[in-house]
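Take the sequence shown: its letter number 57 is residue 68 in my numbering, and every next letter is one higher.
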Amino acid sequence: MIPTQRFRLDNARILTCEDKTIIDNGSLVVVDDRIAWLGPIAEMPTEFKLIDQIIDVNQRTVMPGLVDAHMHISFGEAASEEELSLYTPPAYRAIRASVDARKVLLAGVTSACDPGGPRGIATAVRDAIDAGLVVGPRLAAAGRQITTQQGIGDTLPAPLGDLSTSFGAIVRSHDEIIQEIRNEVKDGVDLIKIAGSGPGTREFGAFTLTELELAVSEAHRLDKPIAIHARSRQSIADAVSAGFDWIMHASYMDEPTMEMLIMRGIPVIPAMTLLVNSLDAGKDVVPAVIRDGIKRELEAAVKILSKAYKNGARLIAGSETGFAMTPYGQWHSREMELFVELLGFNNHDALLAMTKYAAVAIPRFGNLVGTLSPGKYADLLVVDGKPELDVKILGDQKNIHKIIKSGRFVENQEDGLNRQSQLFERTRLFTSGIYNRQKS
Ligand SMILES: [Zn+2]
């Protein structure tokens with residue numbers, strides 16, 4: 012049992028992120044793992060004036076810890092499809108993820124949603140963090156992404172069949188959709204994830220509307236939110252009509268779907284960082300044919316999503332951290348920058364998209380994260396500068412002066428580990444060339 016603690020952060024510029032309130036010369040009181048009070052120092056209730064542990068933050072900004080609504084803790088900075096599904100043993104993935112979780116927290120992300128990975132890993136990392144075994148953000152975790160032969164998660168050659176180590180769970184019938192959802196709920200997931208579209212398809216979806224409706228009703232019957240990866244036009248349209256709780260990407264959304272999405276208040280997590288980074292990384296890193304597809308998608312996404320935002324759609328920031336193009340701890344806040352640069356957000360609204368509004372993706376903590384008010388978790392950042400005027404400030408770890416999770420300071424010491432990739436984390440390589448027989 013952790014003994015009771017009480018401390019104050021004094022002389023703070025507080026961004027509550029409940030709305031755009033800024034409290035100058037403020038104080039924030041932490042008791043145990045919660046916020047007990049915040050407001051102008053001049054208005055502090057007497058009971059809190061007696062607290063003897065006072066940290067003077069010197070007019071720095073105090074704001075909620077970031078909430079990354081979309082990242083994959085088990086992906087290990089994967090550069091290949093094989094890495095996500097084949098060679099790396101699940102136990103190794105889990106150990107690796109527990110190290111990567113720390114990097115995420117040290118970037119100022121105090122809560123995150125992992126919408127899908129190999130069975131059992133994200134939930135295990137989540138539980139290890141809760142148990143104090145591993146340092147990391149509060150996690151909400153999906154299980155395997157439920158997919159078909161046309162969705163992501165089933166992109167390896169067909170003869171390999173349904174691999175138990177894959178991040179995708181292939182379902183072949185209505186019964187199997189129901190069964191996989193029940194398996195995952197039994198495994199203790201926080202949400203169900205559907206792979207609604209496949210790589211490179213702009214038009215059709217991986218499931219029929221009837222199948223999606225079935226998945227939504229079973230997840231909701233078991234009291235779990237259900238989210239969908241949907242890049243193609245049809246998958247987005249069907250996801251909106253089936254009533255998913257949120258949609259990831261929505262790149263090729265058409266206008267009638269956009270209107271329906273806004274009417275129904277369904278949030279979108281675009282996760283453009285992965286696309287933009289893949290283009291920025293250059294043609295030596297990402298082959299031209301893949302870059303062309305990404306460019307096309309990004310153009311389509313920016314066009315429809317900026318329009319959707321202007322018309323009242325709720326857009327939420329998630330970084331898609333976990334791939335080789337989005338390594339852990341480096342790119343989480345980049346999505347907010349892209350909301351500003353590409354979608355027409357002002358900086359303060361972009362900040363709300365990665366705090367207050369992102370909390371919907373962490374259902375297990377309901378509305379106890381993402382904003383600062385009494386009773387909420389003391390998940391806080393003390394930041395140099397004014398991120399509500401320039402979110403880029405949060406992309407440089409030097410500006411994050413202190414990170415507090417559950418009322419406890421996160422230590423930012425160098426761990427001295429030199430992370431090296433195992434060969435099996437990429438692909439299984441026998442040789443790197445061909446040995447031709449010499450002609451005599
Ligand atoms: Zn993802």
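Ideal Cβ positions, reconstructed from N, Cα and C, are used throughout, including at glycine. Note that the coordinates shown come from a computational prediction; the quantities given were computed from them, not determined experimentally.
Using C-beta distances below 8 Å, list every residue in its chain close to residue i, excluding the 5 sequence neighbours before and after it, in chain order.
{"i": "residue 253", "result": "220, 223, 224, 226, 227"}
{"i": "residue 251", "result": "258, 268, 271, 272, 275, 277"}
{"i": "residue 348", "result": "361, 402, 403, 406"}
{"i": "residue 49", "result": "25, 27, 34, 37, 38, 39, 40, 383, 384, 385"}
{"i": "residue 301", "result": "289"}
{"i": "residue 29", "result": "367, 382, 383, 384"}
Skipping 5 residues on each side, what residues in its chain have a beta carbon closer than 6 Å to that of residue i?
{"i": "residue 233", "result": "196"}
{"i": "residue 105", "result": "132, 135"}
{"i": "residue 341", "result": "none"}
{"i": "residue 204", "result": "126, 127, 153, 156, 238"}
{"i": "residue 173", "result": "181"}
{"i": "residue 322", "result": "273"}
{"i": "residue 21", "result": "38, 65, 67"}
{"i": "residue 393", "result": "68, 71, 73, 412, 413"}
{"i": "residue 83", "result": "125, 128, 333"}
{"i": "residue 118", "result": "340, 343"}
{"i": "residue 319", "result": "269"}
{"i": "residue 165", "result": "158, 179, 181"}
For residue i, which residues from the same chain have a beta carbon less than 7 Å from its beta carbon, with the 5 sequence-adjacent residues on both sides left out?
{"i": "residue 109", "result": "136, 139, 145"}
{"i": "residue 85", "result": "104, 108, 128, 129, 132, 133"}
{"i": "residue 285", "result": "331, 334, 336, 337"}
{"i": "residue 410", "result": "394, 395, 396, 404"}
Assuming residue i and residue j make a contact with CB atoms under 8 Å, what is their CB distance in whole Å?
{"i": "residue 202", "j": "residue 157", "result": "That pair is no contact at about 12 Å."}
{"i": "residue 305", "j": "residue 264", "result": "Actually they do not touch by this definition, with Cβ atoms about 17 Å apart."}
{"i": "residue 371", "j": "residue 278", "result": "6 Å"}
{"i": "residue 89", "j": "residue 334", "result": "6 Å"}
{"i": "residue 365", "j": "residue 73", "result": "Contact doesn't hold; Cβ gap of about 16 Å is too wide."}
{"i": "residue 326", "j": "residue 354", "result": "7 Å"}
{"i": "residue 330", "j": "residue 261", "result": "With a Cβ gap of about 16 Å, residue 330 and residue 261 do not count as contacting."}
{"i": "residue 120", "j": "residue 148", "result": "5 Å"}
{"i": "residue 206", "j": "residue 163", "result": "5 Å"}
{"i": "residue 81", "j": "residue 280", "result": "5 Å"}
{"i": "residue 436", "j": "residue 179", "result": "About 18 Å; that fails the 8 Å criterion."}
{"i": "residue 216", "j": "residue 184", "result": "About 17 Å separates the two Cβ atoms, so there is no contact after all."}
Which word fits residue i, buried or exposed, when buried means at least 16 other C-beta atoms lie within 10 angstroms of its C-beta?
{"i": "residue 293", "result": "exposed"}
{"i": "residue 111", "result": "buried"}
{"i": "residue 169", "result": "exposed"}
{"i": "residue 388", "result": "buried"}
{"i": "residue 116", "result": "buried"}
{"i": "residue 56", "result": "exposed"}
{"i": "residue 15", "result": "exposed"}
{"i": "residue 369", "result": "buried"}
{"i": "residue 299", "result": "exposed"}
{"i": "residue 244", "result": "buried"}
{"i": "residue 367", "result": "buried"}
{"i": "residue 161", "result": "buried"}
{"i": "residue 229", "result": "buried"}
{"i": "residue 96", "result": "buried"}
{"i": "residue 445", "result": "exposed"}
{"i": "residue 346", "result": "buried"}
{"i": "residue 186", "result": "exposed"}
Can you tell which of the options has its C-alpha closest to the C-alpha of residue i?
{"i": "residue 114", "options": "338, 347, 366", "result": "338"}
{"i": "residue 390", "options": "419, 102, 401", "result": "419"}
{"i": "residue 380", "options": "98, 44, 38, 55", "result": "44"}
{"i": "residue 209", "options": "70, 167, 331, 66", "result": "167"}
{"i": "residue 176", "options": "186, 129, 194", "result": "129"}
{"i": "residue 18", "options": "59, 444, 90", "result": "59"}
{"i": "residue 400", "options": "376, 358, 416, 421", "result": "358"}
{"i": "residue 343", "options": "260, 332, 189, 286", "result": "332"}
{"i": "residue 192", "options": "235, 350, 29, 409", "result": "235"}
{"i": "residue 47", "options": "417, 430, 445, 433", "result": "417"}
{"i": "residue 408", "options": "415, 91, 423", "result": "423"}
{"i": "residue 188", "options": "159, 317, 398, 213", "result": "159"}
{"i": "residue 62", "options": "190, 29, 398, 42", "result": "42"}
{"i": "residue 53", "options": "240, 375, 23", "result": "23"}
{"i": "residue 231", "options": "241, 151, 242, 256", "result": "256"}
For residue i, write down the residues that DSSP places opposite it in a beta bridge.
{"i": "residue 18", "result": "41"}
{"i": "residue 240", "result": "206, 259"}
{"i": "residue 122", "result": "78, 149"}
{"i": "residue 51", "result": "37"}
{"i": "residue 391", "result": "75, 415"}
{"i": "residue 26", "result": "33"}
{"i": "residue 67", "result": "21"}
{"i": "residue 279", "result": "258, 326"}
{"i": "residue 332", "result": "82, 334"}
{"i": "residue 179", "result": "156"}
{"i": "residue 46", "result": "41"}
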